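Below: one structure, written as structure tokens.
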Amino acid sequence: MLRARTMRTLLLLLLFIYEARSHAVSMPNFVLLMADDLGIGDPGCYGNKTLRTPNIDRLAREGVKLTQHLAASPLCTPSRAAFMTGRYPIRSGMASRSQVGVFVFSASSGGLPHSEITFAKLLKNQGYSTALIGKWHLGTSCHNRTDLCHHPLSHGFDYFHGLPMTNLRDCKPGEGSVFTRALRLLVFTPLQVIAITLLTLAVLRCLGLVQVPPCIFFCLVFLAALVLGALLCFLHYFRPLNCFLMRNRDITQQPMSYDNLTQRLTADAAQFIQRNAKTPFLLVLAFLHMHTALFSSKDFAGKSQHGAYGDAAEEMDWSVGQILDVLDELKLANNTLVYFSSDQGAHVEEVTVKGEGHGGSNGIYKGGKANNWEGGIRVPGILRWPGVIQAGLEIDEPTSNMDIFPTVVKLAGSPLPEDRIIDGRDLMPLLQGRRHRSDHEFLFHYCNFYLNAVRWHPQNSTSVWKAFFFTPKFFPEGANGCFATHVCFCHGQYVTYHDPPLLFDISRDPRERNPLTPTSEPRFREILGTMQEAAAHHAETLRDVPNQLSLGNLIWKPWLQMCCSSSGLSCQCDWEKQVGRGSG
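Per my numbering, the sequence shown starts with residue 898, numbered consecutively.
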């Protein structure tokens, strides 16, 4: 009797251990690594022979390399919204109708709506520990500086350490400004007009041709002083008010310091993994590299063959290696899906006043960030999961960064939301060889709010058709970007509209150099008809939602401005070291 009871207890214990192990295996960890403005031609595993990326290359050797991986948008904010939600950014209102397609002020009221469901929110409900370290760029607050309605902690992340906005040239003294064109229009042009008006009135008065009251001169001088004062305030306050680090809900460094910044964020990411080694976790490490201002620590500065850009890229690769090493040391690699990508293509127009290129390489592909030529949306896509995904595999099927949402959510054991359209597709059947074709027959390429192009990969065909309804006007003529405006815009005088649409077969012409015609492609009108019909059907699935990137949501609102001190707008503090020592 005692022996039988002991055997029963032992069997129950073994069953409990088996179920616990099965549960652990069925709930893999996720490490999602997102670069910023990294071109598909930058990593060695995508063909670069001189930029050293051994750790990214290692991921590709040990996992699957996607060669037609596409960003849902060629700009930071909408692309990251799509990545987080698995939905085209137009569905969440994260697609601008104006020239400004991203958030440029921390005290803007727009952001990823709370009604949107991120993969972090669903994984948190499944018992995952969730963290986002690095760049967010999806808004901060709605009505007051403390509501943090768009903050990562309001979207399913337990822990946040990083930049709520984005890295900009204006964040690093001496690196110039992204607002040069706007300042010229809003400041220097009015000052010139005022100066010419003053000079003209003074000459006319001296010649006795016009009687000009002194108050007119005073008003013009006062107006010039106001404009100049506004410029000086902007130049003085922009950096501390917009370039700061947060840990959860608190500002820890304002303005942000670039000193060993990559090392600090990488160490925090490693500590998060160590703290959660025995529980399922989701880590999104969103690098500030390769967006300008470029930066790197003394261990990497001046060491690459590609100037400041190469130094920063090689430092980012080092960070990838540190995360992989931690997974190996803790024996977590076999139960962790690692994903590496970039939010869009390299920014080809990033050239300093000295003529140094600060943008990356998009390889053979045309265009870059902010346009939907392949160089703007075709990005690195690498997934590794030893023992589950075949090592060394290369897949040339169309996939999207929206696909990470359903892939991660399903692997975590969570059902997909049924009250909304999810545009991403589960990648696991493709990655494991259970399917050999992408589930995306059609993909829709938006330039902000506007449908720019349609991609069609027909069943039982190797062709990948791409039809453009409009294309950006590159400047100067023959250039590979919109250098006059720093980025390409999406409507009006800045684009050329095409009727019929411009058609390419990407499978045969990946450089997009030779648009097809009814003469060169007998099925020209039939193909375009099918794609236009798909675009019309897609449009029927869209709903009117509040525009998070409207002018009203983009402008700076003083009541939303976060500041780590109470003494006006000085906003100077550095608690990174103190807080960092206590967070591990």
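No residue lacks a Cβ here, since even glycine has one placed at the ideal position from N, Cα and C.
These figures come from a predicted structure and were not determined experimentally.
- Taking one beta carbon from each stretch, the segment 1350-1360 and the segment 984-992 have fewer than 3 pairs nearer than 8 Å; the two do not touch.
- Restricting attention to alpha helix (DSSP H) runs no shorter than 4 residues, the segment 1097-1178 encloses them at 1111-1139, 1158-1172, ordered along the chain.
- If you draw a straight line from the Cα of E1013 to the Cα of N1259, it comes to about 32 Å.
- S1194 is not bridged by DSSP to any residue.
- C1068 sits away from A1164, with the two beta carbons spaced by 9 Å or more.
- By the Cβ criterion, the segment 1040-1049 is in contact with the segment 1003-1020, since at least three pairs of Cβ atoms, one from each stretch, lie closer than 8 Å.
- Taking all protein chains in view, the Cβ of L1179 is crowded by 16 or more other Cβ atoms within 10 Å, so the residue is classified as buried.
- Distance from C1344 to N1268 at the Cβ level is roughly 7 Å; contact confirmed, criterion being Cβ atoms closer than 8 Å.
- Under the three-state reduction of DSSP output, H1011 falls in the coil class, being neither helix nor strand.
- In this structure, the beta-carbon distance from V1181 to A1079 does not fall below 9 Å.
- If the five residues before and after F1192 are omitted, its C-beta is found closer than 6 Å to the C-beta atoms of Y1155, all from its own chain and listed in chain order.
- Beta-bridge partners of H1255 (DSSP): none assigned.
- Put simply, the backbone Cα of P975 is about 15 Å away from that of N1450.
- Under the DSSP definition of a beta bridge, D1402 partners with W1362.
- Look at T1063 here: in three-state DSSP terms it is coil, with no helix or strand label.
- One Cα belongs to G1257, the other to F1115, and the distance between them is close to 50 Å.
- It is roughly 5 Å from the alpha-carbon of L1224 to the alpha-carbon of A1230.
- Taking C-beta separations shorter than 8 Å and ignoring five residues to either side along the sequence, the partners of G938 in its chain run G944, N945, A1243, G1257, S1258, N1259, G1260, I1261, Y1262, following chain order.
- The secondary-structure analysis by DSSP pairs Y1056 across a beta bridge with A1028.
- Two segments are said to touch when three or more pairs of C-beta atoms, one from each, lie closer than 8 Å; by this definition the segment 1203-1218 touches the segment 949-961.
- Rounded to the nearest whole angstrom, the C-alpha separation of E1418 and N1411 is 12 Å.
- With fewer than 16 other CB atoms across the displayed protein chains lying within 10 angstroms of its CB, N1022 is exposed.
- In this structure D1402 is buried. Its beta-carbon is surrounded by 16 or more other beta-carbon atoms within 10 angstroms.
- Closest in C-alpha terms to S1038, from the list S1462, C1470, W1456, comes W1456.
- Beta bridge pairing from DSSP links D1471 with Q1150.
- With a cutoff of 9 Å on beta-carbon distance, E1294 and H1388 are scored as not near each other.
- Counting C-beta pairs closer than 8 Å gives fewer than three between the segment 1238-1255 and the segment 1193-1200, which falls short of the contact rule.
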